[in-house]
């Protein structure tokens, strides 16, 4: 049962309980109250589980992002100074005109 369905069923059971109280039927009140209580407990349990899962998911995503960031910065690509197309600086004094 979905969260919305459990909420709707809980509200329906509460309305039936109210109608049974107004009508004076004690057995129907007991059954409707038990049903409403069970549905409400199931809804609260499901909501609490969803909140707990959301919290652990956020924490796991944050930890994974931090690990990824550390891993990416630990292995920076090194440039090859002797690669083709890169300028090669001259050593000072290598120009015979300046010596």
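In the UniProt record's numbering, the protein residues as written are 1 to 99.
Quick reminder that beta carbons are idealized off the backbone N, C-alpha and C, glycines included.
### Query
Less than 9 Å separating the beta-carbons of residue 36 and residue 14?
yes
### Query
Hey, how far is the Cα of residue 47 from the Cα of residue 80?
56 Å
### Query
Looking at C-alpha atoms only, which residue of 26, 22 and 32 is the closest neighbour of residue 11?
32
#### Entry: Sub-9 Å separation of residue 30 and residue 9 beta-carbons
no
### Query
Closest by CA to residue 4, which one among 56, 22, 65 and 44?
44
### Task
With a 10 Å radius around its C-beta and 16 neighbouring C-beta atoms as the bar for buried, classify residue 17 as buried or exposed.
buried
### Task
In angstroms with no decimal places, state the Cα-to-Cα distance between residue 86 and residue 78.
14 Å
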